[in-house]
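Take a look at the structure below.
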Amino acid sequence: MRIWSLHPRLLDGKGLVACWRETLLAQKVLAGETKGYRNHPQLQRFRATADPMAAIGAYLCGMEAEALSRGYAFNAGLIRVTPELVAGCAPGTLAPPLPVTTGQLRYEFEHLMAKVAIRDPAHALVLTGGTPLPRITSDPAYVPEAHPLFTVIDGPVEDWERAA
């Protein structure tokens, strides 16, 4: 399970769809509707909020907004928030922002680049500004854009991240 802290616009098509599906699974886990993934470290930051379902719903809204901008038809009706969504959603209206560190964003960008370089080289070139080296490697000050739910703070890779 990978719930990216990166802005969804950085994800390639397969990454966006996979993240949507995995986050819908995470929503079920947080709702207590599945036995698998209950202790997954990616869920710690959502569980630490006052309203984990609102936080994961806000995350899904950010994913759905990116899907709409690409012409994809993600089913926003699957996002479980109260009150129910009537005409779309904005992450900032459902839950307060969550912090994410600069180190976490850099780590995830490197992880994404490794995946995208293989499955969608054209998208990898877009992410790197048309160069074969990731911007993060050539510019250590580069901090990738975060998902709209997150507020960026300086710091290392998050404690809940299990480095491969």
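Residue numbers (the numbering used here): 1315 to 1478. Ideal Cβ placement from N, Cα and C applies to all residues, glycine included. Predicted model only: the values in this text are computed from it and were never measured.
With 16 or more neighbouring CB atoms inside 10 Å of its own CB, isoleucine 1317 falls in the buried class.
In the structure shown, threonine 1348 adopts coil according to DSSP, grouped into three states. Under the DSSP assignment, proline 1355 falls outside any beta strand (DSSP E); it carries neither an H nor an E label. Isoleucine 1467 places its beta carbon less than 8 Å from that of proline 1413. By the CB criterion at 8 Å, alanine 1409 and alanine 1369 fall inside the cutoff. From the listed residues His1321, Gly1327 and Met1315, the smallest Cα separation to proline 1435 is found for Gly1327. Leucine 1324 sits away from proline 1454, with the two beta carbons spaced by 8 Å or more.
Between histidine 1461 and glycine 1376 a beta carbon distance of about 5 Å is seen, short of the 8 Å cut, so the two are scored as contacting.
Exclusion of the five residues before and after arginine 1352 leaves Val1343 as the residues of its chain whose Cβ lies within less than 8 Å of its Cβ. Buried is the label assigned to tryptophan 1334, since at least 16 other Cβ atoms lie within 10 Å of its Cβ. If you check the CB distance, leucine 1426 and glycine 1329 come in under 8 Å. By the C-beta density criterion, glutamate 1424 is exposed, having fewer than 16 other C-beta atoms within 10 angstroms. Counting along the chain, the unbroken alpha helix (DSSP H) around threonine 1416 starts and ends at 1416–1433. Looking at the DSSP output, threonine 1465 shares a beta bridge with Pro1413. Per DSSP, glutamate 1380 is one residue of the alpha helix (DSSP H) stretching across 1366–1383.
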